[in-house]
Amino acid sequence: MNWSTWALLAAVIIGVYLSQLAGRLDRLHIRVDRAEAALRAQLLRRASEAIELAAMDGPLDPAARITIDGFAHAARDFGETDLEKDHRAQRLEQAGRNEAEGELTQALQAALPDEQSVMEYAAIGGGSELMEELDSTTRRVELAKGFHADAVAQCQKMRRRAIVRFLHLQGRATWPEFIDINLAQPTGFAHRSR
Numbered sequence: 002m003n004w005s006t007w008a009l010l011a012a013v014i015i016g017v018y019l020s021q022l023a024g025r026l027d028r029l030h031i032r033v034d035r036a037e038a039a040l041r042a043q044l045l046r047r048a049s050e051a052i053e054l055a056a057m058d059g060p061l062d063p064a065a066r067i068t069i070d071g072f073a074h075a076a077r078d079f080g081e082t083d084l085e086k087d088h089r090a091q092r093l094e095q096a097g098r099n100e101a102e103g104e105l106t107q108a109l110q111a112a113l114p115d116e117q118s119v120m121e122y123a124a125i126g127g128g129s130e131l132m133e134e135l136d137s138t139t140r141r142v143e144l145a146k147g148f149h150a151d152a153v154a155q156c157q158k159m160r161r162r163a164i165v166r167f168l169h170l171q172g173r174a175t176w177p178e179f180i181d182i183n184l185a186q187p188t189g190f191a192h193r194s195r
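The sequence shown maps to residues 2 to 195 in the working numbering.
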């Protein structure tokens with residue numbers, strides 16, 4: 002075998018390696034997008050259940066009901082990010098959505114500060130089912146946020162590699178970002194049976 006055959010073989014091996022690396026990066030970006038979509042679906046469900054909570058006759062004072070209802074509607078009303086929007090517009094919408102979700106989390110934590118308040122709602126007609134659904138949904142929100150954070154961390158790690166940056170293998174994909182908001186479950190659900 003002469004040197005041109007070796008050069009051709011090396012070029013093929015390098016090409017296959019770079020193709021696999023680009024494919025892996027693409028799959029990581031898809032994973033981030035899917036994890037974010039799953040998280041947004043759970044947040045939408047949580048907002049809908051919070052609206053139901055605010056509409057219930059229960060131990061909440063009217064001001065707390067209005068607060069929860071307002072934040073839940075604000076969180077729910079943020080539509081899907083339009084892919085045609087420029088990156089700056091998407092980031093502004095994301096910031097507004099994250100703020101609304103964080104405020105809703107705080108309002109739910111204030112409304113359900115302990116197990117007693119959860120039991121008071123559960124005693125109301127239809128309240129038991131709503132508390133079970135809200136408990137389940139807030140757990141799923143925490144899990145979905147964890148899956149999203151894991152996907153973002155792996156994608157960022159891959160994109161930091163020198164060969165990916167040098168050859169611009171990420172294409173036009175935006176830098177994946179963590180969703181940094183408090184989505185903790187209300188403390189009233191902390192001691193319920195799992």
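From the three backbone atoms N, C-alpha and C, an ideal C-beta is built for every residue, glycine too.
Owing to the predicted nature of the structure, the values given are computational and were not obtained by experimental measurement.
When you compare each of Q107, I67, A23, W176 to A92 by their alpha carbons, which one comes out closest?
Before going further, note that residue 92 is Arg rather than Ala in the sequence given. Answer by Cα proximity: W176.
Collapsed DSSP secondary structure at Q147 in the structure displayed
A quick correction: the sequence has Gly, not Gln, at residue 147. Helix, per DSSP.
Span of the alpha helix (DSSP H) holding M120?
116-124
Flag this pair as yes or no: are the beta carbons of V142 and L184 separated by less than 9 Å?
yes
Go ahead and pull the three-state DSSP assignment for T175.
coil
From which residue to which residue does the alpha helix (DSSP H) around D70 run?
63-78
Near S5, what residues of its chain come up, given a Cβ to Cβ distance below 7 Å and the 5 sequence neighbours on each side ignored?
none
Do G103 and F79 count as a contact pair if the criterion is CB distance below 9 Å?
no
Of all the options G71, A12, I31, A154, which has the alpha carbon lying nearest to the alpha carbon of A174?
I31
N- and C-terminal bounds of the alpha helix (DSSP H) containing A23
4-56
Roughly how many angstroms separate the alpha carbons of A38 and V165, rounded to a whole number?
26 Å
Cα-Cα separation between A8 and L19, rounded to whole angstroms
16 Å
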